[in-house]
Amino acid sequence: MFDVTVIGAGIVGSLIARKLSSYQLSVAVIEKEPDVGNVTTMANSAIVHSGYDPVPGTLKAELNVLGNKMMDQVCDELDVEMKRIGSLTVALYDEQLPLLEDLAKRSAQNGVPVQILSAEETLKLEPNLSKEVKGSLFAPTAGIVNPFTLSVHAIENAVDNGVKLFLEEKVVLINKNDDFYNIICESGNTYQTKIIINAAGIYSDEIHKMVEPIDYFLTPRKGEYFILDHYCDDLVKHTIFPLPSEKGKGILVTPSIGGTFLVGPSAEAMASKDDVSTDKFTLDEIKRQALMLVPSIPFNQVIRTFAGSRPTPNTHDFIIRYAKCDDHFITLSGIESPGLASSPAIAEYVVNEFVSRVIKLIPNPNFNPRVKARPHLKEMSVEERNKFIAENPDYGKIICNCEKVSLGEILFEMNTSVPPKTIKAVKKRTRAGFGKCQGGFCQPLVTKIISEKFNIPLNEVMFQKRGSFVVRYDIKGEKK
Amino acid sequence: MINRKLVIIGGGSAGMAAAIKAYELGERDILIIEKNAYLGGILNQCIHNGFGLHEFKEELTGPEFMTRFSKKVDELGISYALESNVLSISDDKVVTYSNAKDGLVEVKAEAIILTTGCYERNAGAIQIPGDRPSGIYTAGQAQLFANCYGYLVGKRVFILGSGDIGLIMARRMTLEGAKVLGVAELMPYSAGLNRNIVQCLKDYDIPLYLSHTVKKVIGESHLEKVVIAKVDEKMNFIEGTEQIFNCDCLLLSVGLLPNVDLFNKLPLSMSKTRGAKVNQAMETEIPGIFSAGNVLHVHDLVDYVVEEAREAAVGAISYLNGELKHEGHVYDVNPGVGINYVVPQKVFLDDVKDNLSFKFRVAKPMKDINILITEGNNIIKKIFKPAIVPSEMEIVHVSKDLFKRESNEIKVYVEEKK
Amino acid sequence: MKELICITCPRGCHLRVDDNLNVTGNFCPRGEAYAKAELTHPVRMVTSTVAIASISESRLPVKTKEPVPKEFIFPVMEEIRKTVVKAPIKIGDVVIENVCNSGVDVIATKDIEK
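Protein chains in written order, with this note's numbering: chain A, 843 to 1322; chain B, 718 to 1135; chain C, 20 to 133.
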């Protein structure tokens, strides 16, 4: 019997689990995917929004602004890369200038520091912007973060502090007994828990429906993106937004924390939650819109395109509350953008405002907020690095040439409490395969490393989930 | 900090050929830096035959070809560092590499030759539409898995792109019992060599779909289907031409790109080949830094790679001897009508010994044409070609004496017969 | 009249062969020889890999020492597939003698030390 079970190990579920691990509670996290942070957390703009955009007074506005402020400490404790590079929301037409004023007012109401810049000031900050620019709203607190390591390190820290993580467990049924729930998974396993926190992201409506009828609905809204290689030096230094519209924040152009550049997303209402396919028509339209903002984007430097799905609620705000039938079921739904920026605040909010009212929270005296520190090779001096490699030779051997990832860094991750066992999981944690060759050279090596480390035959190493093979047959043509 | 006269980055066929040539020209202080645990580079996995017709006047497999070079390197006692990855080159020619044994090593070089080869355009680079399942590989990756690891990536294969590695893999996987369903090529002509079309596709009745490309890849976890469709002259899909193939792997053979990462932080301009701009000595815009082989421009024959690497070695030794003056009459070399690119992009005529060679590719297949090399308004050389295709690199040698020093532009272009 | 593409070198000459085996369109004499052979007795090199005992996930590349008749390709592959060799091996070492009674040996194309 667990005190609390979190369904979903995306960024929100992971940070909630971590927060819960700071109390004397038995906590489980159930995730249907073979790795944490594998759905919406994995495919988004990786922006720490400043919070000027949400409507004042909404939960979104409150949690975005608070989450943004908390991000430095969270990233420090969890050893996650984050940079406050600032954002520029750009007006391209004279008619849009009053909208900048409106946004500035909204920012003041939300408590977000911003500044309206003239065309000249804007171009001085970002010389590659369209010369048509008429002015912009500068939000210095906006940032970029590594969403992959943020979610992985959050859950790893939670597990290190006693949380139990169950991967590849898809919840199919929830039964309420007198004072506990049975969570039944597709595998046949049942988890008993006093409290459920539904952090199932794009599937949160389906989980909620397992306990009661719901009065809101989610629309999966797909966003397609381009990633450009990190050699497009100085393309932009800030996150560049067009003025927001009803459909969302529009097509942005931003540096990513890994040095690459992101262009996107589209915003397409989808019939299927699982559809994260890309198509030429949409990508061409993104290209067209992005070039209006930054005419010199070198699209011949694209190294990947991808799509993510966001749970857009018809309520236009985050939905965080008890189930109507029971205060031991806490639901989080419609956590679309700025969900990543808000996530640390959401975790605090859920635990302080909801969990604390239904179970006694006694601080865990052994709680360590810091994740196992990673060696940062790139930040070491030559001497430091040499000394380090002399003691740990694996850090001298480079596996991924594009991103300069060493064997040591990969093996480090494999020795943590949430080890990566698929190609994708290694990629998310270490950046191996993130570069221009997209794993062309390192994927065979990584496959071998996984095979040897976890003693799995080479043709059973998975790319990202069950059934996604890397190499399928031994050369005799038979499955080994 | 270690000092070296000549550092060669990449121990494939280009790197080894450059090192051997430099040694033969009298240089003894040479270091080859190689990322793999062995010399020879990509030829290790190219187990098929067809290498060495120019170089050795016989037909060798990739491993045989590269072994001849690696044995020579060992015989001559040229030093090399294996399992060593170069992290950076500074503009004052400090090469920093990393390996497990020595950690981070900084080598101050007097001259550098970059011979890091190329990489394959992949699903990301071509922005493949559809789902993101596993089961999509570059042809070279499938080749490595098959020939070096002993694993097949799938048994029902579709191939996008008619580049040579894709064609070679069509045969290879067929021989290992896989069914190759077809090869789609975006262009109206094949990107691979004729003999590979014959030996790898026709021999095994594998259909080649010209002017076709992948419209969608479908698969929830692993690849299940690819949809291909025909394209018009503007590369737009033609409605109603879709064909669906049930397959468990898609191999991509859609072009190779010079692996110029290490040049990206240097103040060097790139040419249309996506390699660095070089002069007649294969020297980049930074004196003493040279580039040759597939990192300069993608070749179709390794024989030409080693030839170019030797040119770079000659250039590097001339540089070390103070013979490259970068003075006197200078030409910019530009591709004209019908030509995609020309190497080199600059010529210092006074630094040329006897002959100059121009390497180029045409933009499309043509018949009965003349290749013209001009200096300003003067035609310096005119060569008749009964047939010419983009998949084959052309080399034209021109004597230094033919240049009149009247203009500063050399142009290579195609004259089609009316 | 038959048309075929010469594969003896990358040039890929388009050859025309008449009923009396007269060849035109060839750039060099090898084209003529190829066309005649291809129409009367087509042969191919077979290249593949064999397993190495005691070294897992590593293969020895091999080839037929000479081209074999086309119909031998798959039978030769069958033999190659059954073969396991022991290191050390030198380039040129015979891996399968007179494979499928073709008169041609399968030989190693790489040195394997350990």
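Glycine residues also receive a C-beta, built at the ideal position from the N, C-alpha and C atoms.
Next item on the list: Output the residue ranges of the beta strand (DSSP E) runs that lie fully inside the stretch 913–982 of chain A and measure 3 residues or longer, sorted by chain position.
Entry: 929–933, 957–960, 977–981
Next item on the list: Indicate whether at least one CB of chain C lies closer than 8 Å to the CB of residue 1300 (chain A).
Entry: yes
Notebook entry, point to check: Which bits of chain B does residue 1307 (chain A) rub up against, with CB to CB less than 8 Å?
Noted result: 938
Checklist line | DSSP-derived helix/strand/coil call for residue 845 (chain A) | finding: strand
Note to self: With DSSP as the reference, identify every bridge partner of residue 1099 (chain B), one or two as the case may be.
What the structure shows: B:1089
Notebook entry, point to check: Going along chain C, which residues have a C-beta under 7 Å from residue 781 (chain B)?
Noted result: 110, 128
Notebook entry, point to check: Is there at least one Cβ from chain A nearer than 8 Å to residue 921 (chain B)'s Cβ?
Noted result: no
Next item on the list: Please check the pair residue 1040 (chain B) and residue 1009 (chain B), which I expect to be a contact at CB under 8 Å, by giving their CB distance rounded to whole angstroms.
Entry: No, residue 1040 (chain B) and residue 1009 (chain B) are not in contact; Cβ-Cβ is about 18 Å, not under 8 Å.
Check: Is it buried or exposed for residue 875 (chain A), if we count other Cβ within 10 angstroms and need 16 for buried?
Finding: buried
Check: Would you say residue 115 (chain C) and residue 125 (chain C) are within 8 Å of each other, going by their C-beta atoms?
Finding: yes
Notebook entry, point to check: Taking 8 Å as the CB-CB limit, is residue 1045 (chain B) close to chain C?
Noted result: no
Item checked: Classification of residue 1314 (chain A) by the beta-carbon crowding that lies within 10 angstroms, buried from 16 upward -> buried
Checklist line | DSSP state of residue 96 (chain C) mapped onto helix, strand, coil | finding: helix
Next item on the list: Out of A:1136, A:1195, A:1265, state which residue places its alpha-carbon closest to the alpha-carbon of residue 1164 (chain A).
Entry: A:1195
Margin query: Just checking: is the beta-carbon of residue 1319 (chain A) within a distance shorter than 8 Å of some beta-carbon in chain B?
Written below: Per-residue confidence for residue 1319 (chain A) stands at a pLDDT of 38, beneath the threshold of 50, marking its modelled position as unreliable; no derived number is given.
Next item on the list: Kindly list, in the order they appear in chain A, the residues whose Cβ is closer than 8 Å to that of residue 76 (chain C).
Entry: 1290, 1300
Notebook entry, point to check: Which first and last residues belong to the beta strand (DSSP E) in which residue 1008 (chain B) is found?
Noted result: 1006–1008
Notebook entry, point to check: Under a Cβ-count criterion, where at least 16 other Cβ atoms within 10 Å of its own Cβ denotes burial, should residue 1106 (chain A) be classed as buried or exposed?
Noted result: buried
Margin query: Assuming residue 1065 (chain B) and residue 1045 (chain B) are in contact, meaning their beta carbons sit under 8 Å apart, how far apart are those beta carbons, in whole angstroms?
Written below: 7 Å
Checklist line | Cutoff 8 Å; reference residue 958 (chain A); Cβ partners in own chain excluding five residues on either side | finding: 942, 943, 946, 977, 978, 979, 980
Notebook entry, point to check: Do you know whose CA, among C:92, C:85, C:133, lies nearest residue 113 (chain C)'s CA?
Noted result: C:85
Next item on the list: Over the uninterrupted alpha helix (DSSP H) stretch that includes residue 1284 (chain A), give me the two end residues.
Entry: 1284–1295
Checklist line | Start-to-end residues for the alpha helix (DSSP H) that takes in residue 117 (chain C) | finding: Looking at the DSSP string, residue 117 (chain C) is not in any alpha helix (DSSP H), and its letter there is neither H nor E.
Check: Considering only the beta carbon of each residue, do residue 1117 (chain B) and residue 1071 (chain B) sit closer than 8 Å?
Finding: yes
Notebook entry, point to check: Name the chain B residues whose beta carbon is nearer than 9 Å to that of residue 24 (chain C)?
Noted result: 911, 912, 914, 915, 919
Item checked: Bridge-paired residues (DSSP) for residue 966 (chain B) -> B:874
Margin query: Using the Cβ count rule (16 or more neighbours within 10 Å means buried), how would you classify residue 47 (chain C)?
Written below: exposed
Next item on the list: Compare the C-alpha of residue 8 (chain C) against each of C:128, C:81, C:24, C:58 and name the closest.
Entry: With chain C covering only 20 through 133, there is no way to say anything about residue 8 (chain C).
Next item on the list: Could you say which of A:969, A:1041, A:1085, A:1103 lies nearest to residue 1071 (chain A) if we only look at CA atoms?
Entry: A:1103
Next item on the list: Return the Cβ separation of residue 757 (chain B) and residue 729 (chain B) in integer angstroms, given the expectation that the two are a contact with Cβ distance under 8 Å.
Entry: 6 Å
Check: Shorter than 8 Å from the beta carbon of residue 48 (chain C) to some beta carbon of chain B?
Finding: no
Next item on the list: Output the boundary residues of the alpha helix (DSSP H) element that contains residue 730 (chain B).
Entry: 730–741
Notebook entry, point to check: Going by the beta-carbon positions, is the gap between residue 1142 (chain A) and residue 863 (chain A) smaller than 8 Å?
Noted result: no
Item checked: For residue 75 (chain C), the first and last residue of its enclosing beta strand (DSSP E) -> 74–83
Check: Which residues in the same chain have their Cβ closer than 7 Å to the Cβ of residue 1096 (chain B), if we skip the five residues on either side of it in sequence?
Finding: 1089
Next item on the list: Would you grab the beta carbon distance between residue 990 (chain B) and residue 1004 (chain B) for me? Rounded to a whole angstrom, and I think it's under 8 Å.
Entry: Between residue 1004 (chain B) and residue 990 (chain B) the Cβ distance is about 21 Å, and since that is not below 8 Å, they are no contact.
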